[in-house]
Amino acid sequence: DFDDVGKHRYAYRIEGYSDTWNYINENFIRITHLPYGDYTLRIRGQNSSLGWSDRELTMILRARKPFYLQWWFLAAMSALAAGAILAVWRWRIKELKSGKERLEAEVQKRTITIRQQAEALNALDKAKTRFFSNITHEFRTPLTLITGPLEQVMTDHALPTIFKRRIFGVLKNARHLLTLINQMLDLSKIEGGSMKAEVTRGDLVAYTKELVSRFQPLAGQKGLGLILLTPLDGWETNFDKDKWDKILYNLLSNAIKFTPADQYVQVSLTAIHKNAGDVIRLEVKDSGPGISEEHLPLIFDRFFQADNTSTRAHSGTGIGLALVKELVELQGGRISVKSALNQGATFEVLLPVLEAESARTLERSALPPLAQEDRSAPPPRKAPEDKAEKLELLLIEDNEEMREYIRYCIDPARYNITEAANGEEGILKAQTLIPDLIISDVMMPKKNGYEVTKAIRSHITTSHIPLILLTARASLESRLEGLQRGADAYLTKPFSPQELVLRISKLIEIRRLLQNRYQAGEQAADKDGPFQQEDEFIAALRTFVLERLDEPGLDGDRIGRHFGMSRVSLYRKLNALTGQSISDFVRATRLNKALELIRERKSNLSEIAYQTGFSSISAFSRAFKQAYGKAPSEM
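Sequential numbering of the sequence shown, starting at 13, is according to our numbering.
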């Protein structure tokens, strides 16, 4: 009915979305918020006079997906997300790599800095060690020049007692200064890592008793008792003698210094047996003023000194106990102290028994008491047995005063002394002079004592010469280095004049015995023996002569040219080794060969004479009878 359109009504529903009919008066439908998908729209109408129509208008509705749900959009977003993730991942990897490179660069930079600092510290440590070594050398040389003459003066019985007492005070303080120098050098070596435990086997109890006995005179002078308590009769074990000596020396020195008269110092030595190994336990107990509680943790610090009235009277350098602690810890031990004011102090040392790494045995000089006023003076100078023949001695020393002092110690009636002011000059003079003995300092300009020793031992004209090294370096490593280079003796400054003279005499005596051995025609049995170079030279010389026995004109010039030596150098070397001239050695070699041929009885005397280089049978007979006391025909 189109006459009354305004009164028409409509109803609709959207199947698939809602089953409810919606009634409207408008002739249009507004559909919003319809989810995407397919729907069926049903519409029916009603006019003003009629009811609802049975006929329905049906329409198919399709709501499209929004663009952000479209496959192409999702694909694009997925690709974009994947690209973003990849970009972020690559950026992160790049950042991590860059961070790693920065870290590596920083680490390398820090490593280089640390290495440079370590090298600088190492160089500084080496410089400090060299400084201490040089200072020690500079101190030891004047100390030798102080103590040596003073020790000799102390033996003068005509010297008044009052002067002896004053001289002894000077000598005592010089020795104390030497002790302080050694302690400072030891601390420097420990810091630099150059000091190691040198373990040897010995009787620890006997050695400790000997060390304690050195302090008895000093304790007696102060009027106090010194006691050693030990349940052990003897204890053969491994220990470092040098470091044990220094530990006990410092502990006993402190104990005696701080203990008043009429009191006592007690030393206890025991063995603690544990599953992990034996432990050495040493206790040193004094009756002194004691140590306050606040000072106990500082007592082993370097240069620490307790600041109280009772200790000011006995002030020291504060080095001794610090050195003891370092030496104990170097051997894997520990040290502790128990004390209180006015109750004395007890120091306890616990040392594990170490394994001996080598069978090295070192000579140890006798230990004189600390209060002994002097060491023995040099033996009285004797006139030589043959005044026409003096021994040639070469002295290589850069310190003029030390050369003068050594000249004073050595008997001028027995030795001609030639001097050299540096190692290079000494080597040249040794090769020219061919002395009977060489004394050389170690620390010298141009060439040091070790280089001198190497040059002397490697040159054919000088390899046989006995050599004594004098040095301020008292360490075991320095002594071993000198001996390994070929030195026959090693004396540490300040040295005893008597020991120097005795060393010279003994080395000359050993060379005399070697001469007798070669004169007797003996050959070396051990190619690695102490006279290997000398034996090889004599053997080569004897072989050269034997191969030319039929040459009557064999002389020193011909032999010297073969060995690269002048006739004079050959004569001096041969005379030093055998006591014979070149002609005497050649004649003795000819006669020894002749005696051998005679005993074989394969040739007559005339043939033997000419085979061994004699010009006539009469000359051969005279020489043979002079050598063996019998004519060749009587053999």
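Think of the CB as a built atom: it goes at the ideal place given N, C-alpha and C, for glycine as much as any other residue.
Start and end of the beta strand (DSSP E) containing residue i?
i      : result
Arg570 : Not the beta strand (DSSP E): Arg570 falls in the alpha helix (DSSP H), residues 568-574.
Thr249 : 248-251
Gln58  : 49-58
Ser452 : 449-453
Asp215 : 212-215
Do you know offhand how far residue i's Cα is from residue j's?
i      : j      : result
Leu514 : Ile480 : 12 angstroms
Val100 : Phe85  : 22 angstroms
Lys505 : Arg599 : 46 angstroms
Ala442 : Leu492 : 23 angstroms
Phe632 : Leu157 : 59 angstroms
Asp423 : Asp453 : 20 angstroms
Leu240 : Phe151 : 35 angstroms
Met71  : Ala93  : 41 angstroms
Ala635 : Leu603 : 8 angstroms
Lys121 : Met89  : 46 angstroms
Ser595 : Thr473 : 18 angstroms
Val277 : Ser470 : 55 angstroms
Leu366 : Leu339 : 14 angstroms
Ser618 : Pro644 : 10 angstroms
Val291 : Ser351 : 23 angstroms
His169 : Arg177 : 13 angstroms
Gly332 : Phe270 : 14 angstroms
Phe575 : His476 : 15 angstroms
Ile451 : Glu409 : 8 angstroms
Lys642 : Asn616 : 17 angstroms
Arg613 : Ala621 : 13 angstroms
Glu116 : Ala130 : 20 angstroms
Leu190 : Ser508 : 14 angstroms
Arg25  : Tyr48  : 17 angstroms
Pro390 : Thr555 : With a pLDDT of only 35 at Pro390, under the threshold of 50, the placement of this residue in the model should not be trusted, and no figure is reported.
Thr153 : Gly160 : 11 angstroms
DSSP three-state call for residue i: helix, strand or coil?
i      : result
Met207 : coil
Met577 : coil
Tyr420 : helix
Ile239 : strand
Gly344 : coil
Val365 : coil
Leu171 : coil
Ile629 : helix
Thr504 : strand
His307 : coil
Asp313 : coil
Arg42  : coil
Lys642 : coil
Arg560 : coil
Met414 : helix
Pro457 : coil
Ile550 : helix
Leu197 : helix
Gly332 : helix
Asp245 : coil
Gly160 : helix
Gly591 : coil
Tyr583 : helix
Tyr219 : helix
Residue i lies in the alpha helix (DSSP H); which residues open and close that run?
i      : result
Ala231 : 228-234
Thr601 : 594-612
Ala425 : That residue, Ala425, is in no alpha helix (DSSP H); it is neither H nor E in DSSP.
Glu437 : 435-445
Leu617 : 617-623
Could you name the residues that DSSP lists as bridge partners for residue i?
i      : result
Pro702 : Residue 702 falls outside the range modelled here, since the chain spans only 13 to 647, and no answer is possible.
Ser351 : Ala357
Tyr24  : Asn34, Ile55
Leu406 : Thr430, Ile450
Between residue i and the ligand NAP, is there a pair consisting of the residue's CB and a ligand heavy atom that are separated by less than 8 angstroms?
i      : result
Gly237 : Ligands in the displayed structure: none, and consequently the ligand NAP is not present.
Under 9 angstroms between C-beta atoms, does residue i make it to chain D?
i      : result
Pro447 : In the structure shown, chain D does not exist; there is a single protein chain.
Which whole runs of the beta strand (DSSP E) in the stretch 459-502 are 3 residues long or more, in chain order?
479-483, all fully within the stretch 459-502.
Can you list, in chain order, the stretches of the alpha helix (DSSP H) that have 4 or more residues and sit fully within the stretch 261-297?
Runs of the alpha helix (DSSP H) inside the stretch 261-297: none found.
Ignoring anything shorter than 3 residues or poking outside the stretch 54-141, list the beta strand (DSSP E) runs there in chain order.
The DSSP assignment places 69-75 as complete runs of the beta strand (DSSP E) inside the stretch 54-141, in order along the chain (cut-off: 3 residues).
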